[in-house]
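What follows is a set of notes on a single structure, which appears directly below.
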Amino acid sequence: MNKQIVILGSINYDITASAERLPVRGETVSATSVDMFGGGKGANQAVQSAQMAIPTTMIGQVGNDMQGKAVLEALKSKGIDCSRLHISETNRTGCASIYIDPNGDNMLAYAPGANHHITKEMIDNGLDIIRQASVFLTQTEINLDAALYGLKLAHEAGAITILNPAPAISLPDEIFPLVDFITPNETESEVYTGILRSEMPIEDWKQRTAEWFISRGVKNLCITMGEKGAFYSNGTESISVPAFSIKAVDTTAAGDSFHGGLAYGLANGYDMKTCLLLGSACGALSAMTLGAQNSIQPKERVLAFLKEQGIII
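Residue numbers are given in this note's numbering: position 32 of the sequence shown equals residue 32, and the series is strictly consecutive.
What follows is the structure, given as structure tokens:
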């Protein structure tokens, strides 16, 4: 298997404000700081993948504006192949406004801009790279027709396909059989399945959620559960991995970092528990620093962190 990861995904310019507490509707609170970072689920996932020292290519789109130039340079500086990224003359770069409190909890507003105007032609421009990929990862933060088309090409090429269905949107039935791994968080799982965790013991909820996705053609389910860890099922085998104990500063990129670590593990053919541990370690480390891409740690730090927990990979 060729160890290469291709990510079709969103690229954003993040404006992050830290405050003593999150505002409620109609309220203005005083921020202690305001910072600008590269962000977007796809870009964050690509940064983590590249930081794990595995060849990583991004397919996506930014605007021909100041924000687009900034995020593009940031991605290149992380060693990501950006040769298949398109620069739009008509759509602005995606932008997110993020508010963070001292506990690391956040709320945000997102304007997708160019991320919602990715065409089949842009994806076809990366077809040669998709055909070489061991893992293909996409999200629903881009336009759904683009994500679906990319999954079809990657599935046909024999890559391991991962769909991070975030944010939760209506998905067509045809998308599920194209997905090797679907990776919602708790809230997204409830939106897709209608199965509420509050109505049953958590172990029953996890198993029923797995049955829902797998009955629709998905091969593997992985639920990211924040401080409660991660859960995996393929319909016959289930694995639960507890979260690492950390002091969270900013959880903005934690889920994305998890995906980069998971993709790295799958590309290297590690067993599923090891893949989950790698993803969880990447997510934990990114949550310990303010910002998205700048909080994402390299492979050496990830492996050292795992070693500190008594885990040798």
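Note that beta-carbon positions come from the ideal geometry of N, C-alpha and C, so glycine has one too.
Query                                                                                                                    : Result
Cut-off 6 Å between Cβ atoms - residues of its own chain near S257, not counting five sequence neighbours on either side : Q48, C282, G283, S286 and I296
Assumed close pair N44, Q293 - CB separation to whole angstroms, cut-off 8 Å                                             : 6 Å
N103 versus T251: straight-line alpha-carbon distance, rounded                                                           : 9 Å
Residue environment, K307, which counts as buried when at least 16 other CB atoms sit within 10 Å                        : exposed
Stretch pair the region 114–126 + the region 263–278: three plus CB contacts closer than 8 Å                             : no
Local conformation of G235 per DSSP, three classes                                                                       : coil
Anticipated Cβ contact below 8 Å, F244 with S280, distance rounded                                                       : 6 Å
Burial state of P139, where buried means 16 or more other Cβ atoms lie within 10 Å                                       : It should be pointed out that residue 139 corresponds to Gln in this sequence rather than to Pro. With 16 or more Cβ atoms within 10 Å of its Cβ, Q139 is classed as buried.
Element boundaries [beta strand (DSSP E), containing S286]                                                               : Premise fails: S286 lies in the alpha helix (DSSP H), M272 to S286, not in any beta strand (DSSP E).
Whole-angstrom distance between I223 and T274, CA atom to CA atom                                                        : 15 Å
Exposure of Q309, with buried meaning 16 or more beta-carbon neighbours within 10 Å                                      : exposed
6 Å CB neighbourhood of M1 in its chain, flanking five on each side removed                                              : The pLDDT assigned to M1 is 49, lower than 50, so where the model puts this residue is not dependable, and the model offers no usable value.
For L137, three-class secondary structure by DSSP                                                                        : strand
Distance between G79 and E300 (C-alpha atoms, nearest Å)                                                                 : 16 Å
Cβ distance (whole Å) where E190 is taken to contact R197 below 8 Å                                                      : 7 Å
Span of the beta strand (DSSP E), counted from its first residue to its last, around T16                                 : N12 to A19
DSSP three-state assignment for L303, whether helix, strand or coil                                                      : helix
Buried or exposed by the 16-neighbour rule on C-beta atoms within 10 Å, applied to T236                                  : exposed
Rounded Cβ spacing between I59 and L8 (contact assumed at less than 8 Å)                                                 : 5 Å
Beta-carbon proximity check, T93 vs D65, cutoff 8 Å                                                                      : yes
Short Cβ contact (8 Å threshold) for N12 with C95                                                                        : yes
DSSP beta-bridge partners of L72                                                                                         : In the DSSP output, where bridge partners are listed per residue, L72 has none listed.
Residue of L127, Y110, I130 and D101 minimising C-alpha distance to I14                                                  : Checking the sequence shown, residue 14 turns out to be Asp, not Ile. Nearest option by C-alpha distance: Y110.
Buried versus exposed call for V34 [16 or more other C-beta atoms within 10 Å across all chains shown]                   : exposed
Status (buried if at least 16 other CB within 10 Å, exposed otherwise) for A114                                          : buried
Environment of E199 [buried if 16+ CB atoms lie within 10 Å]                                                             : exposed
Extent of the continuous beta strand (DSSP E) run through M58                                                            : T56 to G63
Inter-residue CB distance, D75 and G38 (contact presumed, cutoff 8 Å)                                                    : One detail in the question is off: residue 75 reads as Leu in this sequence, not Asp. 7 Å between Cβ atoms; contact.
Close beta carbons around I239, own chain, < 7 Å, minus the five adjacent residues each side                             : Y232, M272, K273 and L276
Rounded straight-line distance, which links the Cα of I100 to that of E20                                                : 8 Å
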